[in-house]
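Working notes, beginning with the structure itself.
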Amino acid sequence: MGLEVLCLRRLYRRDPLLTLLLTFGLAMVGEQAIRIAWGTTGLPFQIPEGLRGFLALGDFIYSRYRLFVIAVTALVILGVWLVLEKTPYGMIVRAGTRDPEMVRALGISLRPVLTAVFGCGVALAGLAGVLSAPLAGVQPAMGTEIGTAAFVVVVIGGLGSFWGPVLAGLLVGVIRSLMVLFWPPAAEASMYALMALVLLFRPRGLLGERWEQFE
């Protein structure tokens, strides 16, 4: 929260790219600090006892923990959508992202709203890290790897769209899984190739909105 108050708040009325560059740079600094302090060796993160093993569903066998991750992800997506679409607070957040000057003209201060949104984003990022730790292990670059994939998903899905990144995440996951199965060396590059194709034919993303800037 201190990062938002001291650094990001100064950039809200400027080019959004500055915020992206600042947070990316700070993430790099934090990652290198962790490497210096604790080294580069990753640590295993055990799956909780009750979520170990596999579950047979018809003719298919699934990891219990992966099913748990899918269920938690679905609940988080549903919860965030309900807050954004069905509550007065969500209405202010959506209005603030589209026309902040109009929201301020109505006497609503966006500072506490943006701080709360940043805090919720940090909490969700932490949850993603905890859920992915048993699958990928804990190591200094895990945040960068997850953040890069999230950035690609948002670009493919489209800014301003809630369900766009959800659809893009499913699409990227399916494509990467197929590439791991049929062409493992290209699995990591597949999501970047998909992003390039989407930007080439649909620059706003799959479900992105058309944004207009008024001076």
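Numbering-wise (my numbering), the sequence shown opens with residue 10 and increments by one. Here a beta-carbon is modelled for each residue, glycine too, at the ideal position from N, C-alpha and C.
| Around the Cβ of Gly-177, are there at least 16 other Cβ atoms within 10 angstroms (buried) or fewer (exposed)? | Taking the first residue of the sequence shown as 1, we reach residue 177 at position 168. According to the sequence provided, residue 177 is Ala. The question's Gly does not apply to it. Burial of Ala-177 is indicated by the presence of at least 16 other C-beta atoms within 10 angstroms of its C-beta.
| field | Through-space distance from Met-200 to Pro-194, alpha-carbon basis | value | In the sequence shown, the residue the question calls residue 194 occupies position 185. In the sequence shown, the residue the question calls residue 200 occupies position 191. Distance between the alpha carbons of Pro-194 and Met-200: 13 Å.
| field | One or two residues paired with Ala-65 in a DSSP bridge | value | As a first step, residue 65 is located in the sequence shown; it is residue number 56 there, counting from the start. DSSP output for Ala-65 lists Ile-70 as bridge partner(s).
| query | Could you give the uninterrupted runs of the alpha helix (DSSP H) lying entirely in the region 132-177, keeping only those of 4 residues or more? | reply | Runs found: 151-166.
| message | For a quick check, are the C-beta atoms of Val-147 and Gly-39 less than 9 Å apart? | response | Taking the sequence shown and counting its residues from 1, one reaches residue 147 at position 138. Taking the sequence shown and counting its residues from 1, one reaches residue 39 at position 30. Between Val-147 and Gly-39, the CB-CB gap reaches or exceeds 9 Å.
| query | Helix, strand or coil for Arg-75 per DSSP? | reply | For the purposes of this step, residue 75 is identified with residue 66 of the sequence shown, where counting begins at 1. Arg-75: helix per DSSP, three-state reduction.
| request: Report buried or exposed for Glu-154, applying the criterion of at least 16 other Cβ atoms within 10 angstroms of its Cβ. | output: Looking up residue 154 in the sequence shown gives position 145. The residue is exposed, with fewer than 16 neighbouring Cβ atoms inside 10 Å.
| task | Decide if the region 14-32 is in contact with the region 107-127; the criterion is three or more beta carbon pairs, one per stretch, under 8 Å apart. | result | Contact holds: three or more Cβ-Cβ distances are below 8 Å.
| task | Please name the residue, chosen from Gly-152, Gly-128 and Cys-129, that lies closest to Gly-138 on a Cα-to-Cα basis. | result | The residue you call residue 138 lines up with position 129 of the sequence shown. Ranking the options by Cα distance to Gly-138, first place goes to Gly-152.
| task | Kindly identify the DSSP beta-bridge partner or partners of Leu-52. | result | Taking the first residue of the sequence shown as 1, we reach residue 52 at position 43. Partner residues in the beta bridge of Leu-52, as assigned by DSSP, are Val-147.
| Once you ignore the five residues that flank Leu-190 on each side, which residues in its own chain have a CB closer than 7 Å to its CB? | Position 181 of the sequence shown, counted from the start, is the residue given in the question as residue 190. In the same chain as Leu-190, and ignoring 5 residues on each side of it, no C-beta atom comes closer than 7 Å to its own.
| At which residues does the alpha helix (DSSP H) containing Leu-60 begin and terminate? | Along the sequence shown, read from residue 1 onward, the residue named residue 60 stands at position 51. From DSSP, Leu-60 is part of no alpha helix (DSSP H); its letter is neither H nor E.
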